Amino acid sequence: MNIKKTLVVIGNGMVGQHFLVNLVASPANENYEIVTFCEEPRPAYDRVHLSAFFSGKTAEDLSLVEPGFFEQCYRMCRRRRRIL
Ligand SMILES: Cc1cc2nc3c(=O)[nH]c(=O)nc-3n(C[C@H](O)[C@H](O)[C@H](O)COP(=O)(O)OP(=O)(O)OC[C@H]3O[C@@H](n4cnc5c(N)ncnc54)[C@H](O)[C@@H]3O)c2cc1C
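Following our numbering, the numbering of the sequence shown begins with 689 at its first residue and continues without gaps.
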């Protein structure tokens with residue numbers, strides 16, 4: 689039986705999400721239960737193109753998180769949680 693370790697990622701920004709996507713795509717993913725804490729109300733989005741929000745892009749357009757990414761087993765995003 690593979691006992692998973694808990695991997696905690698504080699902040700779900702552009703870098704944190706990129707890290708998670710790469711981790712999930714690697715064989716190491718099998719070893720971890722992932723919990724990410726995000727002080728913002730929404731998961732990672734494209735800050736570089738944030739100003740496009742004012743010219744018609746939606747929050748969904750700017751999201752960097754594939755639908756269902758955090759709904760899968762062993763992956764969780766706790767929003768509005770600031771880790772001190
Ligand atoms: C309008 C705009 C335009 C930009 N244009 C460019 C560009 O052209 N080129 C470029 O290279 N960069 C650009 N940047 C900068 C780029 O967005 C950042 O370099 C990039 O977002 C950094 O990624 P990050 O994941 O390290 O941090 P962030 O994207 O800031 O993500 C960090 C996340 O972690 C959360 N967090 C932090 N501490 C905690 C905590 N203790 N507990 C819980 N959550 C926490 C934050 O709330 C945030 O959601 C731009 C930024 C803005 C705002």
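Cβ atoms here follow ideal geometry from the backbone N, Cα and C, with glycine treated the same way. Bear in mind that the values here come from a model prediction, so they are computed numbers and not experimental data.
Whose C-alpha, out of the options, is nearest the C-alpha of residue i?
{"i": "residue 699", "options": "715, 728, 740", "result": "728"}
{"i": "residue 745", "options": "721, 753, 755, 734", "result": "734"}
{"i": "residue 662", "options": "703, 719, 736", "result": "Nothing can be reported for residue 662, as the shown portion of the chain is limited to 689 through 772."}
{"i": "residue 718", "options": "705, 757, 761", "result": "761"}
{"i": "residue 691", "options": "741, 711, 716, 752", "result": "716"}
{"i": "residue 767", "options": "721, 731, 749, 758", "result": "731"}
At a cut-off of 7 Å, would you count residue i as near ligand 1, judging by its Cβ distance to the nearest heavy atom?
{"i": "residue 761", "result": "no"}
{"i": "residue 756", "result": "no"}
8 Å is my cut-off, CB to CB: does residue i come that close to chain E?
{"i": "residue 751", "result": "Going by chain labels, chain E is absent from the structure shown, which holds only one protein chain."}
task: Note down, one range per segment and in chain order, each beta strand (DSSP E) of at least 3 residues found wholly within the stretch 692 to 718.
output: 693 to 698, all fully within the stretch 692 to 718.
- request: With a cut-off of 7 Å, give the chain-ordered residues whose Cβ is closer than this to any heavy atom of ligand 1.
  value: Any residue whose Cβ sits closer than 7 Å to a heavy atom of ligand 1 makes the list: 698, 699, 700, 701, 702, 703, 704, 725, 726, 727, 728, 735, 736, 738, 739, 769, 770, 771, 772.
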